[in-house]
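Participant: Below is one structure. I have some questions about it.
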Amino acid sequence: MNKDDIKLSASSVNLWFGNKQVLKNINVSFPKNQITALIGPSGCGKSTLLRCFNRMHDLSPDARIEGKFLLEQQDLYENDLSVTQVRSRIGMVFQKANPFPKSIYENINYGLKINDVPKEKRQSIIENALKESYIWEEVKDEMQKPATRLSGGQQQRLCIARAVSLRPEVILMDEPCSALDPLSTLKIEELIVKLKKDYTIIIVTHNMQQAQRVADKTVFMYLGEIIEEGDTKTLFSDPKNDLTANYVKGHFG
Ligand SMILES: Nc1ncnc2c1ncn2[C@@H]1O[C@H](COP(=O)(O)OP(=O)(O)OP(=O)(O)O)[C@@H](O)[C@H]1O
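Per our numbering, numbering of the sequence shown is gapless, rising by one per residue and ending at 298.
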C-alpha cells in the first residue's frame, strides 16, 4: 500500500494484561477512507487492539504496551500528546449504545461545549451530525426528549452522530450492531458505508455477513496474532491460511 493511503497503523505491537500476553507482534495498517473489519474468535484480542488506537488502556494499571501506533505521521503515544487530543481525531462507538442520560440535543451539544466549539456554531453542527447519521428526520421535532427513550438502533445512530459531530478522522466501532435487531443493523451498516467517504473506519464484528457487506479490507486474528489480512472478497473466497478458512466457514468461533 502506498504510504499516503495509510491512515492508521500499528507496528511491532505486544500487549500484556499482567502476565498474560494478549497481543503478539501485531503489524497492521488501515487504509484511508476505507472500512476495515477485525474478525476472529472471542478473546483473540480484537477489542484490545481497537482500544489501543484511542488510548483506552491508559487507565488500566495492569496493561503494558510495546510498539508504535501512528495516525499518519503522528505517534499516538507521544509524551506531550493528550488523550483528549487523540480522541478528537479518533472517535469511538461502542457495542452497547451509550447515550448520556440527557436530551437528544444535549448528547451532541455536550461534546461540542467541552471541545470549545462556539455556541453560535453548535446548532448547525448538531443538525448536520444528525442528518449525516440518518436520524435527523426521526428526532428533529423532539430534540429535548431524553435520549434514553429512543430505540436501541436510534440510540446507536445518535452515538454515531455524537462521534461525527467532533469531526474525527477515524471512527473505531466495537461490534456496533451486536445489540440490534436485523433492520436497525442494516440501517447502521448503510450508514457506515456512507460515512467512509469522510472517515476511515475500523469495525470489530463477529458477523461474517456484516464484514462482507461493509468492509473493504478484513483482518483475521487468532490468539493475539494476525493470521491473515487482505481484500475482504479474497479473504472470504480464497483464504490462504487453514485457520482463516475454517473460521470464515463457521467451523469454530
Ligand atoms: N482490562 C483487562 N484486563 C485483563 N484482561 C483483559 C482486559 N481486557 C481484555 N482482557 C483479556 O484479553 C483477551 C482479549 O480480549 P478482547 O476483548 O480483546 O478479545 P476480543 O477478540 O475482542 O473478544 P470478543 O470477541 O469476545 O469481544 C481476553 O482473554 C480478555 O479476557
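Glycine included, C-beta positions come from ideal geometry on N, C-alpha and C. For clarity, every value in this text was computed on a predicted model and none was experimentally measured.
Near Pro284, what residues of its chain come up, given a Cβ to Cβ distance below 7 Å and the 5 sequence neighbours on each side ignored?
Facilitator: Glu273, Ala290, Val293
Participant: If I follow the unbroken alpha helix (DSSP H) through Asp287, where does it start and stop?
Facilitator: Annotation: the continuous alpha helix (DSSP H) that includes Asp287 extends over 287-293.
Participant: With hydrogens ignored, establish whether the beta-carbon of Val67 is closer than 7 Å to any heavy atom of ligand 1.
Facilitator: yes
Participant: Measure from the alpha carbon of Ile271 to the alpha carbon of each residue in Leu217, Ile159, Pro86, Lys77, then state which is nearest.
Facilitator: Pro86
Participant: Where do the N-terminal and C-terminal ends of the alpha helix (DSSP H) with Ala256 fall, by residue?
Facilitator: 253-259
Participant: Quick one: give me the first and last residue of the beta strand (DSSP E) that Glu111 is part of.
Facilitator: 108-116
Participant: Are there any heavy atoms of ligand 1 lying less than 7 Å away from the beta-carbon of Gly85, as far as the coordinates show?
Facilitator: yes
Participant: Quick check on Thr127: does DSSP put it in helix, strand or coil?
Facilitator: The residue asked about is misnamed: residue 127 is Ser in this sequence, not Thr. In the structure shown, Ser127 sits in coil (DSSP, three-state: anything other than H, G, I, E or B).
Participant: How many angstroms separate the CA atom of Leu53 from the CA atom of Ser148?
Facilitator: 34 Å
Participant: Contact check, Ile153 vs Arg207 under 8 Å by CB: the rounded distance?
Facilitator: With a Cβ gap of about 5 Å, Ile153 and Arg207 count as contacting.
Participant: Leaving out five residues before and five after Val67 in sequence, what residues of the same chain have Cβ atoms less than 7 Å from its Cβ?
Facilitator: Leu60, Trp61, Gly90, Thr93, Gly269
Participant: With burial defined as no fewer than 16 other Cβ atoms inside 10 Å of the residue's Cβ, what is the status of Val264: buried or exposed?
Facilitator: buried
Participant: Does ligand 1 have even one heavy atom less than 7 Å from the beta-carbon of Asp243?
Facilitator: no
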